[in-house]
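Structure first, then comments.
Residue numbers (our numbering): 123 to 408.
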């Protein structure tokens, strides 16, 4: 676990719970899609081994967890009946969620920006004998035909790392069949008001919820951007979904379970028992 410096905005459990690979400086500034992609793909390649070693047991090789609170899809049931359905996971990592979908009768496929994460997916495919066909690609240019899927989902996946989020949501609408479901979990947007600290310091608001300036880490040695995350408010997400033809069906804000003592980056019982850390948005294509 890495406790982030005071004033650092909250970031996803999939990434900033590990120390940077090299000395970096943190800043808030505009970053476009190309720069975001160049930073985040290699960042995940560097971190994939540590991530799977640290969190693999919690996630499960054939498991579907929506966030650090431990809420599973078996409990939430937001994707609906998966039997015989075509399902795409955007930001699939090592394919744990997609493997669970296959075990539940769905035909799931994975997509991720990190080659190393997809190598871990192949490793777990072989270990479990539940294979998830996966592709190296980005959420803003899904390499699939129109109307290919009944369900698209992302569990703390690509969406927070994308600058051109309208393109990503439009691409999801394009590959979904009419009436198809889109569900995704993200860092709860209100977390951007607080330092990314799992202790009591992480309960004191220090920055504006409405400041949408991306969070950026820059490698001190090279001057290159090494990590980017983008913030949108809940209102932004609702507007993005509506603009792409989706109707919001549910918004889940998982409570921190009693006796759940896992600390994951800025997620902890200290914070989770008082304020939400994860938001799950569920929408249907009209």
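Glycine is no exception: its CB is placed at the ideal position from the N, C-alpha and C atoms.
| Item | Value |
| --- | --- |
| Taking 9 Å as the threshold (C-beta atoms), are residue 239 and residue 167 in contact? | yes |
| Expressed to the nearest angstrom, what Euclidean distance is found between the alpha-carbon atoms of residue 276 and residue 207? | 16 Å |
| Per the contact definition of three or more C-beta pairs closer than 8 Å, is the stretch 283–299 in contact with the stretch 323–330? | no |
| Are the CB atoms of residue 336 and residue 159 nearer to each other than 9 Å? | no |
| If contact is defined by three or more beta carbon pairs under 8 Å, each pair taking one atom from either stretch, is the stretch 339–352 in contact with the stretch 377–387? | no |
| Where does residue 148 fall in DSSP's three states? | strand |
| Measure from the alpha carbon of residue 224 to the alpha carbon of each residue in 234, 253, 271 and 175, then state which is nearest. | 253 |
| Could you give the C-beta distance for residue 235 and residue 163, rounded to a whole number, given that I count them as a contact under 8 Å? | 5 Å |
| Would you call the stretch 263–282 in contact with the stretch 182–196, where contact means no fewer than 3 C-beta pairs closer than 8 Å? | yes |
| How would you call residue 230, buried or exposed, if buried means at least 16 neighbouring beta carbons within 10 angstroms? | buried |
| Can you tell me whether residue 101 is helix, strand or coil according to DSSP? | As shown, the chain starts at 123 and ends at 408. That puts residue 101 outside it, with no answer to give. |
| Helix, strand or coil: how does DSSP classify residue 265 here? | coil |
| Report the residue from 383, 161, 400 and 170 whose alpha carbon sits nearest the alpha carbon of residue 314. | 400 |
| Express the C-alpha separation of residue 387 and residue 255 in angstroms, rounding to a whole number. | 30 Å |
| Name the residue from 147, 284 and 390 whose alpha carbon lies nearest to the alpha carbon of residue 261. | 284 |
| Within its chain, find whatever has a CB closer than 7 Å to the CB of residue 270; leave out the 5 residues flanking it on each side and keep chain order. | 208 and 297 |
| Cα-Cα, which of 372, 272, 153 and 356 is closest to residue 350? | 153 |
| Can you look up residue 385 in the DSSP assignment and give me helix, strand or coil? | coil |
| Grouping DSSP H, G and I as helix and E and B as strand, with all else coil, what is residue 339? | strand |
| Give the secondary structure of residue 371 by DSSP, where H, G and I count as helix, E and B as strand, and everything else as coil. | strand |
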